[in-house]
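Peer 1: One structure is given below, represented as structure tokens, and several questions about it will come after.
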């Protein structure tokens with residue numbers, strides 16, 4: 009009896025995952041045709057929240073109470089991620105993050121979950137979600153590429169400036185102690201990192217204001 013119930017539970021989870029993947033495959037084709045340029049992390053999070061909404065609806069239609077169905081959607085997404093090759097610890101960490109992003113400040117469900125919950129086969133629900141954020145510079149692919157490039161500049165530029173600082177003191181102040189030389193190199197690297205970070209922040213604020221102005 010107990011074994012039969014476990015098998016039935018596994019079957020329900022398997023069917024839910026299959027249902028979610030079929031819905032995603034259908035929606036992804038439409039999304040790809042739009043050639044959106046979003047940050048990879050945002051795109052992945054949005055799709056996962058959408059799938060939670062789809063799974064939530066699936067469990068509701070199979071007799072589970074709304075809150076139970078919602079909780080099972082998160083655990084099922086974790087199961088799906090693990091089956092797709094993601095390590096359990098990382099999958100759980102991602103699901104915990106999604107739980108935090110799933111609710112808005114007014115306790116309403118996030119847009120991706122709400123639309124996923126109401127989605128139907130053959131609609132353009134995932135496209136609808138991305139269309140909502142198409143003018144949002146904070147999740148744009150361009151900003152993400154600038155950020156990624158900026159990290160490389162900070163890393164390699166900081167190392168280079170540190171070596172330059174050490175070289176300068178070694179050549180022009182040979183009587184300096186090893187501690188002073190090291191401290192000067194670290195200070196040079198630190199000043200470079202801070203200045204580049206501030207410039208990057210200024211560029212972001214300018215782009216963000218322009219984006220808000222154009223969308224107003």
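Residue numbers (this note's numbering): 9 to 224.
The C-beta atom is built at its ideal place from N, Cα and C for all residues, glycine as well.
The model shown is predicted, which means the values in this text are computed figures rather than measured ones.
1) Please go through the same chain and pick out, in chain order, the residues whose beta-carbon is closer than 7 Å to the beta-carbon of residue 119, but skip the five residues on each side of it.
2) Compare the C-alpha of residue 148 against each of 50, 39, 36 and name the closest.
3) Tell me which same chain residues have a C-beta within less than 7 Å of the C-beta of residue 165, skipping the five on either side of it?
4) Three or more C-beta pairs under 8 Å: does that hold for the stretch 123-138 against the stretch 38-48?
5) In the DSSP assignment, what are the bridge partners of residue 148?
6) What does the alpha-carbon distance come out to for the pair residue 95 and residue 146?
7) To which residues does DSSP link residue 225 through a beta bridge?
8) What's the C-alpha gap between residue 34 and residue 128?
9) Could you say which of 31, 69, 43, 46 lies nearest to residue 20 if we only look at CA atoms?
10) Pick helix, strand or coil for residue 116, following the three-state DSSP scheme.
11) Mind checking which residues open and close the alpha helix (DSSP H) that includes residue 133?
12) Would the stretch 61-81 and the stretch 157-175 be scored as touching if the rule is three or more Cβ pairs under 8 Å?
13) Report all residues from its chain with a CB closer than 6 Å to the CB of residue 174; omit the five preceding and five following residues, and keep chain order.
14) Nearest to residue 109 by alpha carbon, out of 163, 89, 57?
15) Pull up the DSSP beta-bridge partners for residue 111, would you.
16) Let's test the definition: count the other Cβ atoms within 10 Å of the Cβ of residue 42 and tell me whether it reaches 16, buried, or not, exposed.
17) Would a C-beta distance cut-off of 8 Å place residue 163 and residue 197 closer than the cut-off?
18) Compare the beta carbon distance of residue 89 and residue 99 with 8 Å and say whether it is the shorter of the two.
19) Based on Cα-Cα distance, which residue from 86, 17, 155 lies nearest to residue 71?
20) Apply the 10 Å Cβ neighbour rule to residue 83 and answer buried if 16 or more other Cβ atoms are within range, or exposed otherwise.
Peer 2: Once the coordinates are examined:
1) The residue given as residue 119 occupies position 111 in the chain shown. Answer for residue 119: 137, 140, listed in chain order.
2) Locating residue 148 in the chain shown gives position 140, where the first residue counts as 1. Residue 50 is the option with its Cα nearest to residue 148.
3) Reading the chain shown from its first residue, position 157 is the one you call residue 165. Excluding positions up to five away in sequence, the list reads 200, 204.
4) yes
5) The residue given as residue 148 occupies position 140 in the chain shown. Per DSSP, 46.
6) Here residue 95 refers to the residue found at position 87 of the chain shown. Here residue 146 refers to the residue found at position 138 of the chain shown. In a straight line, the C-alpha of residue 95 is about 29 Å away from that of residue 146.
7) Nothing about residue 225 can be read from this structure; the chain reaches only from 9 to 224.
8) Against the chain shown, residue 34 aligns to sequence position 26. Against the chain shown, residue 128 aligns to sequence position 120. Cα to Cα, residue 34 sits roughly 11 Å from residue 128.
9) Residue numbering aside, residue 20 sits at position 12 when the chain shown is read from its first letter. Ranking the options by Cα distance to residue 20, first place goes to 69.
10) Looking up residue 116 in the chain shown gives position 108. In this structure, residue 116 counts as coil in the three-state DSSP scheme.
11) Along the chain shown, read from residue 1 onward, the residue named residue 133 stands at position 125. Looking at the DSSP string, the run of the alpha helix (DSSP H) that includes residue 133 is 133-140.
12) no
13) Numbered from 1 along the chain shown, position 166 holds the residue referred to as residue 174. Around residue 174: 189, 193.
14) As a working note, residue 109 is residue 101 in the chain shown. Nearest of 163, 89, 57 to residue 109, Cα basis: 57.
15) For the purposes of this step, residue 111 is taken as the residue at position 103 of the chain shown. Paired residue(s): 117.
16) Here residue 42 corresponds to residue number 34 of the chain shown, with the count starting at 1. It is exposed - the Cβ of residue 42 has fewer than 16 other Cβ atoms within 10 Å.
17) As a working mapping, residue 163 is identified with position 155 in the chain shown. As a working mapping, residue 197 is identified with position 189 in the chain shown. Cβ distance not < 8 Å, so residue 163 and residue 197 don't count as in contact.
18) Taking the chain shown and counting its residues from 1, one reaches residue 89 at position 81. Taking the chain shown and counting its residues from 1, one reaches residue 99 at position 91. With contacts defined as CB atoms closer than 8 Å, residue 89 and residue 99 qualify as a contacting pair.
19) Position 63 of the chain shown, counted from the start, is the residue given in the question as residue 71. Cα-wise, what sits closest to residue 71 is 17.
20) Taking the first residue of the chain shown as position 1, residue 83 is located at position 75. Classification for residue 83: exposed.
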